[in-house]
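Residue numbers (my numbering): 899 to 1073.
For each residue, glycine too, the CB sits at the ideal point set by N, CA and C.
Quantities reported herein were computed from a predicted structural model and do not represent experimental measurements.
Reviewing the structure listed below.
In structure tokens, the structure reads:
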């Protein structure tokens, strides 16, 4: 989502924007379904409509007989609520907004850094070179650009893993 958000902002500001997305359109991804109030606020700032997202007013944790209800803290800087929205829907909305703003999107193409004199001057992607005054890398630690620039995952540090499933619940309408 960070790359699409950057593309939206830059294109709306009048920049010529090109996004290289290594995944196909509509791909699903385990991480990202849960949106914190900070994320909801960031999406609102981009005018992204969260219609279809499930609003949540806090977190409910249950472990055996122990149960905790944790409302989101109200601080005025972020939205008063979080949301649950499958990542494929979030990504589709963000990429559509980027395109509507004028960004050109190339799907199923991974970019690699184009370096000149120890400076990233663009990317190579799909067999071609794309130079730029500004290159935004939003691949995360496992991405080719991050790895090539030495910003990959540190093997001896803790690593997170996301697992997701959806289940029917009589409390589905709870927020």
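Going by beta carbon distance, what residues of the same chain come within less than 7 Å of residue i, once the five residues before and after it are set aside?
i	result
residue 981	933, 938, 948, 951, 952, 953, 954
residue 941	948
residue 900	1036
residue 969	955, 956
residue 1033	1018, 1020, 1021
Hey, residue i and residue j: beta-carbon distance below 8 Å or not?
i	j	result
residue 1006	residue 922	yes
residue 905	residue 996	yes
residue 992	residue 909	no
residue 1024	residue 1004	yes
residue 1061	residue 915	no
residue 935	residue 976	yes
residue 931	residue 965	no
residue 1038	residue 1044	yes
Cβ of residue i versus every heavy atom of the ligand ZN: is any distance shorter than 7 Å?
i	result
residue 1027	Among the components modelled here there is no ligand, and therefore nothing to report on the ligand ZN.
Closer than 6 Å by C-beta to residue i: which residues in its own chain qualify, once you throw out the five before and the five after it? Chain order, please.
i	result
residue 1075	There is no way to answer for residue 1075, as the model of the chain reaches only from 899 to 1073.
residue 918	1004, 1007, 1009, 1023
residue 958	967
residue 1000	909
Skipping 5 residues on each side, what residues in its chain have a beta carbon closer than 8 Å to that of residue i?
i	result
residue 973	none
residue 983	931, 933, 948, 950, 951, 952
Which two residues bound the contiguous alpha helix (DSSP H) that contains residue i?
i	result
residue 991	985–998
Going by DSSP, what residue range makes up the beta strand (DSSP E) through residue i?
i	result
residue 1027	1026–1029
residue 1012	1009–1014
residue 982	980–982
residue 1003	1002–1005
residue 1023	1017–1023
Could you check if residue i is buried or exposed, using at least 16 other CB atoms within 10 Å of its CB as the buried criterion?
i	result
residue 989	buried
residue 960	exposed
Exercise for review: Ignoring anything shorter than 4 residues or poking outside the region 901–978, list the alpha helix (DSSP H) runs there in chain order.
Suggested key: For the region 901–978, whole alpha helix (DSSP H) runs of length 4 or above, ordered along the chain, are 935–943.
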